[in-house]
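Comments concern the structure below.
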Amino acid sequence: MDNNIRDLSIENKIQVSFKKTENSRKEKTLQTLGDIFVSGLLHLAFIFTLISMFKIQGLSAMTIFLGSILIFALSCFFDNIKGIWKILIIIALFIMIISGNVYIKNGLLLTINQAISVIGKNTGLFIKEYKITIGPEMYKISINYFWSMFSLIIAFVCFMTVRNRSNLFLWIFVTPIFLLETWSGITPGFFHNLILFLASILLVNNSFIKGSNENKLFGRSKDSIILYTAFIILSLFIVFSFGLNKFKPASSYSKNSIAKDIKNTVADKIEDFRYEKKKTNTFTQGNFRKLEKLELLDIPALKITMDKPTSLYLRGYVGSKYTSESWTDLDDNIYYDSYGLFYWLNKSEFSGFSQLSTVNNLVKGSKNKDEKTNITINNINANSKYLYIPYESDIELDSFKNIKTFADSKVMSTSFWGNRFYKYKANTNLVKKYPEIASNLYDLKNKPEVKEYLKHESHYNEFIYENYTKIPRDIESLMENQLGEVSETEDTHMPYEKAIEIVKSYLDENIVYTVEPKSAPKGKDFLRYFLEESREGYATHYATAATAMFRYLGIPSRYVEGYLITPKDVKNVSDSKPIVIKGTNAHAWTEIYIDEIGWIPIEVTPPYYDVMEQTDTSEYPGGANLEKDKETNSSGNSSQGKQQIVDDEQEPNNNPNNKPSRKLTTLEKVIFTIGLIILLTILIYIVYVIRKRKELKEMKKGFEDPNYKLAIPRIFSYSMSLIHYGGLSKRGGSTYGYLKDIEKNYSKKHAKIFEKAIKINQEAVFSNHEISEEQYNYMIRFMDQILYDIVESKNILQRMKMKFWDFIY
Numbered sequence: 001m002d003n004n005i006r007d008l009s010i011e012n013k014i015q016v017s018f019k020k021t022e023n024s025r026k027e028k029t030l031q032t033l034g035d036i037f038v039s040g041l042l043h044l045a046f047i048f049t050l051i052s053m054f055k056i057q058g059l060s061a062m063t064i065f066l067g068s069i070l071i072f073a074l075s076c077f078f079d080n081i082k083g084i085w086k087i088l089i090i091i092a093l094f095i096m097i098i099s100g101n102v103y104i105k106n107g108l109l110l111t112i113n114q115a116i117s118v119i120g121k122n123t124g125l126f127i128k129e130y131k132i133t134i135g136p137e138m139y140k141i142s143i144n145y146f147w148s149m150f151s152l153i154i155a156f157v158c159f160m161t162v163r164n165r166s167n168l169f170l171w172i173f174v175t176p177i178f179l180l181e182t183w184s185g186i187t188p189g190f191f192h193n194l195i196l197f198l199a200s201i202l203l204v205n206n207s208f209i210k211g212s213n214e215n216k217l218f219g220r221s222k223d224s225i226i227l228y229t230a231f232i233i234l235s236l237f238i239v240f241s242f243g244l245n246k247f248k249p250a251s252s253y254s255k256n257s258i259a260k261d262i263k264n265t266v267a268d269k270i271e272d273f274r275y276e277k278k279k280t281n282t283f284t285q286g287n288f289r290k291l292e293k294l295e296l297l298d299i300p301a302l303k304i305t306m307d308k309p310t311s312l313y314l315r316g317y318v319g320s321k322y323t324s325e326s327w328t329d330l331d332d333n334i335y336y337d338s339y340g341l342f343y344w345l346n347k348s349e350f351s352g353f354s355q356l357s358t359v360n361n362l363v364k365g366s367k368n369k370d371e372k373t374n375i376t377i378n379n380i381n382a383n384s385k386y387l388y389i390p391y392e393s394d395i396e397l398d399s400f401k402n403i404k405t406f407a408d409s410k411v412m413s414t415s416f417w418g419n420r421f422y423k424y425k426a427n428t429n430l431v432k433k434y435p436e437i438a439s440n441l442y443d444l445k446n447k448p449e450v451k452e453y454l455k456h457e458s459h460y461n462e463f464i465y466e467n468y469t470k471i472p473r474d475i476e477s478l479m480e481n482q483l484g485e486v487s488e489t490e491d492t493h494m495p496y497e498k499a500i501e502i503v504k505s506y507l508d509e510n511i512v513y514t515v516e517p518k519s520a521p522k523g524k525d526f527l528r529y530f531l532e533e534s535r536e537g538y539a540t541h542y543a544t545a546a547t548a549m550f551r552y553l554g555i556p557s558r559y560v561e562g563y564l565i566t567p568k569d570v571k572n573v574s575d576s577k578p579i580v581i582k583g584t585n586a587h588a589w590t591e592i593y594i595d596e597i598g599w600i601p602i603e604v605t606p607p608y609y610d611v612m613e614q615t616d617t618s619e620y621p622g623g624a625n626l627e628k629d630k631e632t633n634s635s636g637n638s639s640q641g642k643q644q645i646v647d648d649e650q651e652p653n654n655n656p657n658n659k660p661s662r663k664l665t666t667l668e669k670v671i672f673t674i675g676l677i678i679l680l681t682i683l684i685y686i687v688y689v690i691r692k693r694k695e696l697k698e699m700k701k702g703f704e705d706p707n708y709k710l711a712i713p714r715i716f717s718y719s720m721s722l723i724h725y726g727g728l729s730k731r732g733g734s735t736y737g738y739l740k741d742i743e744k745n746y747s748k749k750h751a752k753i754f755e756k757a758i759k760i761n762q763e764a765v766f767s768n769h770e771i772s773e774e775q776y777n778y779m780i781r782f783m784d785q786i787l788y789d790i791v792e793s794k795n796i797l798q799r800m801k802m803k804f805w806d807f808i809y
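1 is the number of the first residue of the sequence shown in full-length UniProt numbering; add one for each residue after it.
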């Protein structure tokens, strides 16, 4: 019978052991599946988000999914790989990177250039692209090589993040992506963003569940809970995404009008705080929704000193694109795409800001020196966001600090408080005699320096007509109803004097000037309401309508706000005597582009017809192209014209956008090399962390053994290692020999606690007595107290070393 009982006991033990092994395998499988799912989704979401955001092209499917293969392999075999092999695998990966250095480097630079391009098109920010050292035929290979390595690295980091239930990836990689989206407005595809958000939720969910002290949650293992919650979240995500896209596609999303109004109000308040000391006028920088009664206040705006006082239009705000609610700048992608044009024009000393002065210099040569004046602007109360520049300026923008130019339209300060003091040179009033200047230029068109100027102007001219003759289609219909049809010809528009007469006649006959016009109802197009319903307004209304009309007539034009230095202001003013320009001199007008001559202000507001000098129209220039020398402008079609700015010696003809590029500097090469070394070090450190964390985890798991006779010696051994780490030297012989050292370094109380811990440990090791739960808890408190005392005795750097290098706890 005893034998039967013994056999039954052995059989039960075998069954229990088999069941534990089976459960262990099941949990291991669930853990592997959970790691593959969460880390794989996180990896793919991150990679596809980057590809979508920066419009990376030419990548093969294998390049993208190579990281997924690595995640699968690591999830299945990582625990079976010894530490040394893990390090060898990382070193092998590093060698692959080094061996493909040329391809890796150029693939990285191609990716950076593409990112620079996308950021530039969305923000207008221009950063010089890097020069690629391989031929175009190798671009695809190079970018796939780089993205393969990048995908593997991201996959490895994703796997380690999930494996160690950390949220590190979320903070280092995902958060910067969302911040970049917020700052720049660059967004990936709608579903890419949603999937990345979903993957981030699953990562946090994985970290939370695995970090729980409970072995089971809701009666299930933690790994199965991770898979179940992932399945539920993914299902809800799919249903929600497809449902949302069906009822409201992503392309139809628009910002809530209330949120938009709040954002605009806050932005206006911040701008007023930064740039406005005292309001000198109620002009609104082209914002129609803020228009109210016109008030031109009799308070100082600008204090201007000229060694030769002259009347001038001072251009401040310039509106380039009409919308139903305001004038705005051209789209950022236009500024970015045209950067190369303006870069090389500037290299050729051609600038739209000083074009009129340049032409006058060409016409008059050395005789023009007597017409120059030095101007000093002291901005007292005017909006300091803008620099006030006349059409006759003869300046080099590079001489100004902290400014930003929008192609050729306006000069803005980048200083937080704006710019309130600056100097520049200009000609005396040229606007009043620009027809004479134009006529003289046409007579000199065969001179070499004039031919050179006209070549540059032809490229600038192309940009002007491409961007400053555009109006929305509904406004074009409005203009047709108001002005009638205009006969279209391919290369010419109607003469300038005729166009000006049409615009001014229409406004004089149909519009009533008033400083208290009715406001356009919310949601109604400003210009349509002004021309079809209210038919009353002041300078903003007149200038806006005129700008749209000139564009409709085929003449480039822009809306301008600024200040007038009138003949009355400079009358009898001695040289270099300061002139105070008040808010009453604030004004809005339209400017048109005269081919080959530049931008010219046109007065269309009736009360201001006689404020500035009248233009001598006896030699008025004709329509577009103005009988230009065909050979001068026969540089090919429009896409080729811009490239003609750069000769072969200046810039190799391998950049279709003709943007300036640069090679990697020595410093950047050093940084690149150091970056690779740091990357290798980080990868090795990650493996080291995983190994040490695993050892620490297994050790702490031993502390929780239900057999207290096994758990207590482990706790005591760890406590002794803490005591040694705290500074007590190891000694041979009995453990009681440490009592005097404990009392000397800590206190008698600590010595008594330590003595009792020794007794409990010896009882657990050498006696056959059962160890009580109270004794076990005492040892836990003893261990925690030692750890607490040691941590408290260390400074912040020593604590970091304990936790992240020595892995004491």
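Where is the CB? At the ideal position from N, CA and C, for every residue including glycine.
This one's a predicted model, so the numbers in the text were calculated from it and none came from an experiment.
Between Leu441 and Lys522, the alpha-carbon positions lie close to 48 Å from each other. Cβ contact annotation for Ala757 (same chain, cutoff 8 Å, sequence separation greater than five): Phe716, Ser719, Tyr778, Met779, Phe782, in chain order. At the C-beta level, Phe807 and Lys700 stay beyond 7 Å of one another. Within its own chain, the residues whose Cβ lies closer than 6 Å to the Cβ of Glu371, once the five positions on either side in sequence are excluded, are Asn427, Thr428, listed in chain order.
Here Phe288 really is in contact with Phe526; their C-beta atoms are around 4 Å apart, less than 8 Å.
A contact between stretches requires three or more CB pairs, one per stretch, nearer than 8 Å, and the stretch 596-604 meets this requirement with the stretch 436-453. According to the DSSP assignment, Phe150 belongs to the alpha helix (DSSP H) that extends over 139-163.
Contact check between the stretch 349-356 and the stretch 379-399: three or more CB pairs, one atom from each, fall below 8 Å, which counts as touching.
For Leu314, same chain residues with a beta-carbon under 6 Å away, outside a window of 5 residues either side, are Tyr388, Pro390, Gly562, Tyr563 in chain order.
Of the residues assessed, Glu533 falls on the exposed side of the cut-off, its CB having fewer than 16 other CB atoms within 10 angstroms. The distance from the Cβ of Tyr559 to that of Gly286 is about 6 Å, consistent with a contact at the 8 Å cut-off. For Asn378, there is no enclosing alpha helix (DSSP H); the residue is found in the beta strand (DSSP E) stretching over 372-379. Taking C-beta separations shorter than 8 Å and ignoring five residues to either side along the sequence, the partners of His456 in its chain run Leu345, Ser348, Phe350, Ile645, following chain order. Contact annotation: Glu591 and Pro578 have beta-carbon atoms that are not nearer than 7 Å. Shown here for Ala751: same chain residues with a beta carbon closer than 6 Å to its own, the five before and five after excluded, namely Leu739, Ile742, Glu743 in chain order. DSSP, reduced to helix, strand and coil, places Ile395 outside both helices and strands of the structure shown, so it counts as coil. The three-state secondary structure of His43, taken from DSSP, is helix. For Lys278, same chain residues with a beta-carbon under 7 Å away, outside a window of 5 residues either side, are Ile299, Asn381 in chain order.
Only buried fits Val450, as 16 or more other CB atoms lie within 10 angstroms of its CB.
Asn106 is the residue among Ala115, Asn106, Val670 whose C-alpha sits nearest the C-alpha of Thr133. According to the DSSP assignment, Ile104 belongs to the alpha helix (DSSP H) that extends over 101-123. Contact check for Ala301 against Ile195 fails: the beta carbons are separated by 7 Å or more. For Lys404, the enclosing beta strand (DSSP E) starts and ends at 403-405.
About 5 Å separates the CB atoms of Ala543 and Ala588; that is less than 8 Å, so the two are in contact. Counting C-beta pairs closer than 8 Å gives three or more between the stretch 63-73 and the stretch 145-152, which meets the contact rule. For Lys404, same chain residues with a beta-carbon under 6 Å away, outside a window of 5 residues either side, are Met412, Thr414 in chain order. Under the three-state reduction of DSSP output, Pro556 falls in the coil class, being neither helix nor strand.
Judged by beta-carbon spacing, Thr615 lies within the 7 Å limit of Lys432, meaning their Cβ atoms are closer than that value. Excluding the 5 residues flanking it on each side, Ile375 has same chain C-beta neighbours closer than 8 Å at Ile304, Thr305, Met306, Pro390, Lys423, Tyr424, Lys425, Ala426, in chain order. Going by beta carbons, Val503 and Ala546 fall inside the 7 Å limit. Inclusion of Ser338 and Asp329 in the CB contact set at 7 Å is not warranted, their separation being larger than that value.
When secondary structure is reduced to three states using DSSP, Glu485 falls in the coil class, being assigned neither helix nor strand. Contact check for Val318 against Val162 fails: the beta carbons are separated by 7 Å or more. Annotation: Glu396 to Gly124 spans about 21 Å, alpha carbon to alpha carbon. Annotated three-state conformation of Ile69 is helix, per DSSP.
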